[in-house]
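Undergrad: Got a structure for you, questions after.
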Amino acid sequence: MRIVNNMKNAAIINCLGYAGLIPFWAASWAMLADRTLFQLSPALIFLTYSAIILSFLGGTLWGKARELADGFLSAGLLLLSNVLALSAWLMLLLGETFMVPGLLIALIGYAILCAVEWVSTSQVLGGVGEPYLRFRLTLTSVVCLAHAVVIYAVL
1 MRIVNNMKNA AIINCLGYAG LIPFWAASWA MLADRTLFQL SPALIFLTYS
51 AIILSFLGGT LWGKARELAD GFLSAGLLLL SNVLALSAWL MLLLGETFMV
101 PGLLIALIGY AILCAVEWVS TSQVLGGVGE PYLRFRLTLT SVVCLAHAVV
151 IYAVL
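Heads up: the sequence shown begins at 1 in this note's numbering, then just goes up one per residue.
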């Protein structure tokens, strides 16, 4: 199902967006089924993948901030970009021993990122429109649900 239609590289964006959900759900399933993935801990796979994706998405804000004129929004995006990257690093430092706090950090980070995109879409996303925002909301919702599943599995 294509949600993003009127953007450059729409097909690639859709494919990469949905494919990016696979590691979240594979690791979630493995945790619930008490299985390993490629002889690795699914908790570690989930945690590290989530940290990488959160850091990557934070980095996209840095790029958007550079495109904007100096001001409150640009400065806020730069700060949020760094907060998300540092949050991802903190998740990794907390590791599997303190996984639930790390996953809660990520869950909050994903929610904040999605909210920022919705609130400032015309400036941050160049007015890409509602289809892209729905697409991002869908991806973020699935990712947050996967985090909730893993938190449940850990507890």
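All residues carry an ideal CB built from backbone N, CA and C; glycine is no exception.
Just so it is clear, the structure is predicted and the values come from calculations on it, not from any experiment.
Between which two residues does the alpha helix (DSSP H) carrying phenylalanine 98 extend?
TA: Along the sequence shown, read from residue 1 onward, the residue named residue 98 stands at position 98. Segment: none, phenylalanine 98 is in no alpha helix (DSSP H) and carries neither H nor E.
Undergrad: Between the Cα of valine 100 and the Cα atoms of Gly59, Ala27, Ala148, Thr60, which residue gives the shortest distance?
TA: Translated into positions along the sequence shown, residue 100 becomes position 100. Taking only the C-alpha atoms, the option nearest valine 100 is Ala148.
Undergrad: Express the C-alpha separation of proline 131 and asparagine 14 in angstroms, rounding to a whole number.
TA: Taking the sequence shown and counting its residues from 1, the one referred to as residue 14 is at position 14. Taking the sequence shown and counting its residues from 1, the one referred to as residue 131 is at position 131. Taking the straight line joining both Cα atoms gives about 11 Å.
Undergrad: Using only alpha-carbon positions, find the residue among Ile12, Phe46, Gly20 that is nearest to leucine 57.
TA: Against the sequence shown, residue 57 aligns to sequence position 57. When each option's Cα is compared against that of leucine 57, the closest is Gly20.
Undergrad: Would you mind reading off the limits of the alpha helix (DSSP H) that contains leucine 16?
TA: Residue mapping note: residue 16 aligns to position 16 of the sequence shown, counting from 1. Element bounds for leucine 16: 10-19.
Undergrad: Just to confirm my understanding: we take serine 55, look at its own chain, exclude 5 residues before and 5 after, and list those with CB closer than 6 Å. What are they?
TA: Translated into the one-based positions of the sequence shown, residue 55 becomes position 55. Excluding sequence neighbours, serine 55 sits near Ala85, Ala88.
Undergrad: In the structure shown, what three-state DSSP assignment does leucine 40 receive?
TA: Reading the sequence shown from its first residue, position 40 is the one you call residue 40. Here leucine 40 sits in strand by DSSP.
Undergrad: Which of helix, strand or coil does DSSP assign to methionine 1?
TA: Translated into the one-based positions of the sequence shown, residue 1 becomes position 1. The predicted model places methionine 1 with a pLDDT of 49, which falls under 50 and marks its position as unreliable; any figure quoted below should be read in that light. Coil.
Undergrad: Closest by CA to leucine 107, which one among Asn9, Pro42, Asp34, Ser50?
TA: Taking the first residue of the sequence shown as position 1, residue 107 is located at position 107. Of the listed residues, the one whose Cα sits closest to leucine 107 is Ser50.
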